[in-house]
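To convert, note that position 255 of the sequence shown is 380 in my numbering; the numbers rise steadily by one, no gaps.
Backbone N, C-alpha and C define an ideal beta-carbon position, used for all residues, glycine too.
These numbers were taken from a predicted model, which means no experiment stands behind them.
These notes are about the structure you will find just below.
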Amino acid sequence: MTFAQSKKQLVVREIHEGPVIDHQHPDVIASGNKSGFETGQVVKVADTYHMFINEMFDRPHRDMRISYWTSADAINWKRKSTIVESIPGRTPFNPRSEVWVTGVEFNEEENAWNIFYVAYRAGDKEKGEIEANDYEGRIWRAKSVVPGMDGIAGPYADMAIVLQPDENSQAWEGQQAVAAFNPYRVGDKWYAFYDGHNHVPRGDWPLGMATASTLNGPWTRMPEGHNPVPISPEFNENVQVTELQSGGYLAIFDSFGDYEIAYSQSTDGVQWDKETRLKVQSDDNLWADAGDHATRTPLGAIEEKDGTFTVVYTARYDKEGRVFFGLGRVVLAWATD
């Protein structure tokens, strides 16, 4: 039987009514988060969910910091700390004008947690670049200072840049790349999805893969021909991979579509099928805005003991004249005949 013949379908099992974190959450108010959340990852350790997420504390998608939250049920969340701050002053000469966390993994070789985040500079008008856009993304690896699984709460220390524009960049990556980085393990090797985008002329958002023998690198781009990976025809972001208990791999990510996220499946973690989109808000519970970039980014698919998947995702809404990117929760399951 081929992979295409054996592919399963995800369905929505449970939808939380409204956001689990909105603009009225006490920790949102206390931390001065004006615009909400976008991109990140949730991991589960024992019975606790740990969320590393970007807070748009002032202007959406411009004024950024990486924060850390925890929850016992992925519904009731408590903000614990700020993990990484951007450097104020968005200019072409500030390479950390924005910081976006996209990957969280435990590194057994270091006995420490690793986070991976993107740092951008702004466009340089003098060079014909678009000032409001992001350029030359660099992927930073940071390691927890406290060893062991308990170190997940941080603090984190920057170790090195693991992927950036250089002589090995591929033509499809464009001017924004490297735009995201999401590692996952396959046997004794590591792989990571990473994004690209060209501003001028404006292009789609292709997806590539890199590989390494250890989580801390060195990381090498997979060759052109494999890259770009044809999962999504136009757009994807924040691809998070789950190794399934039954074998194979599930990738879940932001894509186009009204109230939709997308997923892809793989038997070996290297070759991936075309995306399938899934609506995660019901007709009687549409709290996000309509449109391709309103229901946004799933922060991973946590496979629970009963085989369901807990998914926290970001979504934009306009309420009482205020635009905010809140967090929703949905439970997915494999369809049964």
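Own chain partners of residue i with C-beta closer than 8 Å, once the 5 adjacent residues on each side are dropped
i, result
"residue 253", "325"
Cβ shell of residue i (< 6 Å), same chain only, five flanking positions each side left out
i, result
"residue 128", "With a pLDDT of 44 at residue 128, under the threshold of 50, the modelled position of that residue is not reliable, and the figure given next carries that caveat. Same-chain partners within the cutoff: 392."
"residue 207", "190, 192"
"residue 298", "321"
"residue 315", "308, 337, 340"
C-alpha distance - residue i paired with residue j, whole-angstrom precision
i, j, result
"residue 121", "residue 378", "The structure shown does not extend to residue 121, since the chain is modelled only from 126 to 462, so the question has no answer here."
"residue 271", "residue 281", "8 Å"
"residue 130", "residue 384", "Note that residue 130 has pLDDT 38, beneath the 50 cutoff, so the model's placement of it is unreliable and the number below is only indicative. Those two C-alpha atoms are separated by around 28 Å."
"residue 421", "residue 446", "20 Å"
"residue 233", "residue 142", "38 Å"
"residue 355", "residue 386", "17 Å"
"residue 382", "residue 304", "21 Å"
"residue 267", "residue 170", "19 Å"
"residue 260", "residue 363", "17 Å"
"residue 201", "residue 149", "13 Å"
"residue 199", "residue 454", "7 Å"
Other residues of its chain near residue i: CB distance less than 7 Å, five sequence neighbours each side excluded
i, result
"residue 293", "346"
"residue 269", "237, 238, 276, 277, 279, 281"
"residue 91", "No statement about residue 91 is possible, as the shown extent of the chain runs from 126 to 462 and does not include it."
"residue 126", "Residue placement at residue 126 is flagged as unreliable, the pLDDT there being 32, under the threshold of 50; the coordinate-derived value follows with that caveat. Excluding residues within five positions, none has a Cβ falling inside 7 Å."
"residue 413", "384, 406, 419, 420, 440, 441, 442"
In DSSP terms, what residue i is bridged to
i, result
"residue 164", "Its beta-bridge partners do not exist; DSSP assigns none."
"residue 374", "368, 391"
"residue 206", "193"
"residue 443", "448"
"residue 384", "Answer by DSSP bridge pairing: none, since residue 384 is not bridged."
"residue 334", "318"
"residue 254", "According to DSSP, residue 254 bridges with nothing at all."
Range of the contiguous alpha helix (DSSP H) that encloses residue i
i, result
"residue 155", "151 to 155"
Where the beta strand (DSSP E) containing residue i begins and where it ends
i, result
"residue 175", "173 to 181"
"residue 424", "First-last for residue 424: undefined, no H or E at that position."
"residue 284", "281 to 288"
"residue 297", "Residue 297 -> no beta strand (DSSP E), and no H or E assigned at all."
"residue 269", "259 to 269"
"residue 230", "223 to 232"
"residue 142", "Premise fails: residue 142 is in no beta strand (DSSP E) and is neither H nor E."
"residue 308", "306 to 311"
"residue 401", "401 to 404"
"residue 239", "237 to 247"
Three CB pairs or more closer than 8 Å across the segment 344 to 359 and the segment 227 to 242: In short, these stretches do not touch, since the Cβ pair count stays below three.
Inter-stretch contact at 8 Å, needing at least 3 Cβ pairs: the segment 424 to 437 / the segment 445 to 461: Touching, per the Cβ criterion.
Can we say the segment 156 to 163 touches the segment 175 to 184, given the rule of at least three CB pairs closer than 8 Å? Segments in contact, yes.
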